[in-house]
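Engineer: Residue numbers (this note's numbering), protein chains in the order written: chain A, 19 to 817; chain B, 28 to 501.
Where is the CB? At the ideal position from N, CA and C, for every residue including glycine.
Below, the structure written as structure tokens:
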């Protein structure tokens, strides 16, 4: 079966396989007792919950298989369908094995029959006593004991012990560490989205003292680029975009929110505070500018300006949008499914959906906005550097005024006054450069009704007050709700309460994916009944508890993950591991993956020397194919590429046009940011190849890198090729690799020497000025070499 | 011809086989993989098509903006009789209204005359003489209805089955299910043209792959400028120089492959080879100089001008090359005002090429295996809109007309009906999900089985709805 599929399909296929067949890992567990949560609930959820689950409106025979009472009876009137220890008299067993097809469950027409293996598991579960468990992700995590392992010398951290215990149980061993160059490249890309320079590599290789790795971790965690890297991940979740997203898709103003996110990760803002400021910064006592900016989160939903839009309809759309995004970003919950009916698999009701939406009913907004991207309420705000300077100015002004008040000598007065005037002028200049951003203003809450079948025109539904999903509600929140209307601050408090079973698990699981390539629970966007049972539930809970107890310290969690020995394993699978654990569920090796779209751009610009590294600011406009925006209207507009520094900013600052995302970002799977995305797909397509080959950004980077090589590299070709290779790939080339490039160089040199006009044309791609001191034909020939390097699979891969 | 044979022919038929192919061949010696896999051809889901398909491909002619059904395929004499009178409240009470919110709702009689066409005697507007001339080939559906009353979300429903963003478009679903038939062009291609009233913005969301793997995304072709983004070599890089770079990339990737044995590298090599092939095949596709004059005349093509006519000709050329899903947008059908004038502009641009495409495919024996679908994202109100200029009509979601043709569709019929004022689809209503279900059925796919798991749910194009409209099938 594998051999008939393209290799590009492998990741998807592997994911699908691990759903339907027993993986290496579960086979190893065959001798263990059946666990309801791990083994049985997923079967019932996928095959039975649709008619016997949480949604009352489609429930058949008044039977629930998603609750303990439904399965086992309530101990009083209701008999269950399972008699512990006795499959033969259990109705559940009788019905799933009935000979009569009219009797047999699931019904044939449902199209999801149970396999023999699944039936056998259910039988074993009943035989072993039918122990019921609440869904793992809905039970607050407790800190599990760190397991004992046979190879006690291997674990460097608790993480290693958890992973090794599982490997040992499966008869596997950890992989050896990757070489140090690969390790530093891995760590740099993971923590900053930028590869190490050859100098950084040398410094690390030269550091043979104990703690060298930890020193690199600390260096990179302290890098301002850490915040940029983390923002790429967070902005997908909260669906940050620079345009309205509907129809005319005009530019909206929200970039200060992106700066806030970058700074928050760099400052290591505790995650509970980070949460509170985004959901409810405006409701905090005397909020700072940054807290006001942070609450711009509530304005990130798509908004329309379309002529015929009915405001009521769009207010309903925006409300639903916020529920999907907030539940997705913080809770890994598909609460959005309960807009039109109760959730089919998890105990979220329609009432939960609309009650959740009611938290945001106080956000001042319009269903339909006027044209041109204006989205009141907005505010002109300073960035961090401006704010610092303004504070300095204010202080100096105070001192000067105090000096003036003390009636100084007349000859001193003009100087003081002159200085004050200069400061006033500077303040004015700074204020003129403030950035516009959408903010959250709390007003009298709109009425929030349950909309039957999600129909905004149906006003027959009950009015609801803000509430969290009922089955997750705490007693204290219930009490508070009796006294007063709950607010977004209460929501933030509940989300980051230590009792919330979802938040910490979801966050550390996604964090894990950033450094290990796959989540401990592989579904990053759904930890409900249809999500996958975690490969390492105890480790996930350990990390979740650690996160909360550390005071929601994100850098602490990152540090834990990347200082583990498991992190440093090679990503090169042994033949045995490839055979027994193709999907790497054991984490007995590192994973490797293609870089995110933004980092592919960043890397090319960085090695070329063109990258402008300053932090934050308004969105920028790198080169984009002419005509791509021709389909935009109301009004028609043109993409005008930035000149100067803004042409060479990191990818995350690219203007995020939701309906026409930059083709380079699109080719490398960046999402449109219309909805919360926890996991980008990773594709391998001709479009991506064409982009790296021909997009002027990459051609310009190649010729700039060529010029840099000729100016800064060694003198002879061989040494230059080695130098260049290390700039791009950190490691030195193999002899065979140099040989390929040497041949390419020779062929191109010959060509461009006889075609100087062609060389000039190639050097004209992009805005960067080619150094006049260099021979155009020589730069053009080296440009071919540089283009080749920027297109290599290894260049865009994190190993 | 079986599918692997076609692939082989397609691939080996090229004269400029690059080193990437050679490298691949040597990799194949050690790693047994199928033809399709090494070519990087998306092969589709195993087991699809599930039953013999009538249609192999789809050409979807999207009349963006929402053509008035009342001036094209759905003549309403009763509306003419009530012209100028208030629209009966019994019909409009509680209905969603777009730009006419808060305004007096007045009946607007048909602005154009209709005629009977063909042996079947189908009733079609007189400004569609060419479509009228193929009336016996098409099945008109007068009872379409949708969920959304504004362009952006209504397009999203038409393409993805829901107004919620980030779900896969139908072209992505179809190429995901059936794979591609050609190695040097994408399986799903989109072309756009304009003319008529203010052109509609069409988001890339409309051909996005959503949560399906990105390789199923529609690729937009442009008739002016670079036909596909980044398909042209950089300035100063000729074909030979580009070949050298692509070859060097392939050789170096292959060396790396020997060290790390990463299957993604083999895919990468094949994708680069396909990209390089595309750099040649796309310009060849777009260059219509090999088309005889009578064909150009039939379509009304006056060169590579980005017109709907040119795009229709390209659609045929794409279909010939095995492209699975071809979507043509014409963005001029939003006739809030001056409807009579603007709809004639659209008809002048779209009528003849549409009929020429149908005839051309038929002449080449391809109509039977090509499903053509024509229509907008919604219809227009039976009520007048008179905010500026001459009278027009507002957006309308409760009823509109589309037609299907070829690919297993019964020609010469009209299916379904609206009420006597053309407001509601009352007889055999066809929801967008039903259209999708029927389209997939003709492609050999049970719409309930083409699923993809995302966020714990098995999603499908037709969500939880959709019924195949069997009366439309030949």
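Going along chain A in order, which residues have a C-beta closer than 8 Å to the C-beta of residue 348/B?
Structural biologist: Per Cβ cutoff of 8 Å: no residues; residue 348/B is ~15 Å from chain A at best.
Engineer: For the pair the segment 246 to 265 of chain A and the segment 322 to 342 of chain A, tell me if three or more CB-CB distances fall below 8 Å.
Structural biologist: yes
Engineer: Output yes or no for whether 8 Å exceeds the beta carbon distance between residue 557/A and residue 814/A.
Structural biologist: no
Engineer: Cβ of residue 368/A less than 8 Å from any chain B Cβ?
Structural biologist: no
Engineer: For residue 783/A, which residues in chain B fall below 7 Å Cβ to Cβ?
Structural biologist: 261, 262
Engineer: Would you give the residue range spanned by the beta strand (DSSP E) that residue 491/B belongs to?
Structural biologist: Neither: residue 491/B is in no beta strand (DSSP E) and is coded neither H nor E.
Engineer: Could you name each continuous alpha helix (DSSP H) segment of 4 residues or more that falls completely within the segment 661 to 720 of chain A, going from the start of the chain to the end?
Structural biologist: With a minimum length of 4 residues, the continuous alpha helix (DSSP H) runs that stay inside the segment 661 to 720 of chain A are 681 to 685, 704 to 712.
Engineer: With 7 Å as the C-beta to C-beta threshold (strictly closer), list the residues of the segment 173 to 186 of chain B near chain A in chain order.
Structural biologist: 176, 177, 178, 179
Engineer: List, in chain order, every chain B residue whose beta-carbon is nearer than 8 Å to that of residue 536/A.
Structural biologist: Per Cβ cutoff of 8 Å: no residues; residue 536/A is ~15 Å from chain B at best.
Engineer: Should residue 593/A be labelled buried (16 or more other beta-carbon atoms within 10 Å of its own) or exposed?
Structural biologist: Answer is exposed; the Cβ neighbour count stays below 16.
Engineer: Round the Cβ separation of residue 396/A and residue 455/A to the nearest angstrom and send it over; I've been treating them as touching at under 8 Å.
Structural biologist: Correct: roughly 6 Å between the Cβ atoms.
Engineer: Find the nearest neighbour of residue 239/A within the set 109/A, 632/A, 281/A, judged by alpha-carbon distance.
Structural biologist: 281/A
Engineer: Could you tell me how far apart the beta carbons of residue 513/A and residue 505/A are, in whole angstroms, since I believe they sit closer than 8 Å?
Structural biologist: Going by Cβ atoms, the distance from residue 513/A to residue 505/A rounds to 13 Å, so no, they are not a contact pair.
Engineer: Fully enclosed by the segment 442 to 497 of chain A, which beta strand (DSSP E) runs are 3 residues long or longer?
Structural biologist: 453 to 456
Engineer: Using CA coordinates, which residue listed in 636/A, 816/A, 168/A, 230/A is at the minimum distance from residue 452/A?
Structural biologist: 636/A
Engineer: Go through its chain and collect everything with a Cβ distance to residue 493/B's Cβ below 7 Å, but skip five positions before and after it.
Structural biologist: Counting only Cβ-Cβ distances below 7 Å, and skipping sequence neighbours, we find 460, 461, 463, 464, 474.
Engineer: Buried or exposed for residue 497/B, going by 16 or more other Cβ atoms inside 10 Å?
Structural biologist: Exposed is the call here.
Engineer: According to DSSP, what are the bridge partners of residue 234/A?
Structural biologist: Residue 234/A is not bridged to any residue.
Engineer: Only counting the same chain, and skipping five residues up and downstream in sequence, which positions put a Cβ closer than 8 Å to that of residue 218/A?
Structural biologist: 202, 206
Engineer: Hey, how far is the Cα of residue 490/B from the Cα of residue 693/A?
Structural biologist: Linking residue 490/B to residue 693/A through their CA atoms gives a straight-line distance of about 18 Å.
Engineer: Mapping the DSSP letters down to three states, classify residue 134/B as helix, strand or coil.
Structural biologist: strand
Engineer: Is it buried or exposed for residue 818/A, if we count other Cβ within 10 angstroms and need 16 for buried?
Structural biologist: Here chain A has residues from 19 to 817 only, and residue 818/A is not among them.
Engineer: Could you give the residue range of the alpha helix (DSSP H) that holds residue 463/B?
Structural biologist: That run of the alpha helix (DSSP H) goes 459 to 469.
Engineer: Helix, strand or coil, according to DSSP, for residue 22/B in the structure here?
Structural biologist: In the structure as shown, chain B begins at 28 and stops at 501. Residue 22/B is therefore absent and cannot be evaluated.
Engineer: Please state whether the Cβ-Cβ distance between residue 600/A and residue 154/A is less than 8 Å.
Structural biologist: no
Engineer: Tell me which residues share the same chain as residue 521/B and place their Cβ nearer than 8 Å to its Cβ, disregarding the 5 neighbours each side in the sequence.
Structural biologist: Outside the shown range of chain B, which is 28 to 501, sits residue 521/B, and nothing can be said about it.
Engineer: Do residue 85/A and residue 314/A count as a contact pair if the criterion is CB distance below 8 Å?
Structural biologist: no
Engineer: Could you give the uninterrupted runs of the beta strand (DSSP E) lying entirely in the segment 35 to 114 of chain A, keeping only those of 3 residues or more?
Structural biologist: none
Engineer: Shortest alpha-carbon distance to residue 91/B belongs to which of 458/B, 289/B, 445/B, 226/B?
Structural biologist: Closest by alpha carbon: 226/B.
Engineer: Does the Cβ-Cβ distance between residue 200/B and residue 488/B come in under 8 Å?
Structural biologist: yes
Engineer: Quick check on residue 448/B: does DSSP put it in helix, strand or coil?
Structural biologist: If DSSP states are grouped into helix, strand and coil, residue 448/B belongs with coil.
Engineer: Output, in sequence order along the chain, the residues in the segment 601 to 614 of chain A whose CB is closer than 8 Å to any CB in chain B.
Structural biologist: 610, 612
Engineer: Short of 8 Å Cβ to Cβ, which residues in the segment 732 to 746 of chain A face chain B?
Structural biologist: none
Engineer: Nearest by alpha-carbon distance to residue 315/B: which of 330/B, 307/B, 305/B is it?
Structural biologist: 330/B
Engineer: Nearest to residue 254/B by alpha carbon, out of 415/A, 74/A, 766/A, 644/A?
Structural biologist: Selected option, being the one with the closest Cα: 644/A.
Engineer: How many Å lie between residue 444/B and residue 472/B at the Cα?
Structural biologist: 27 Å
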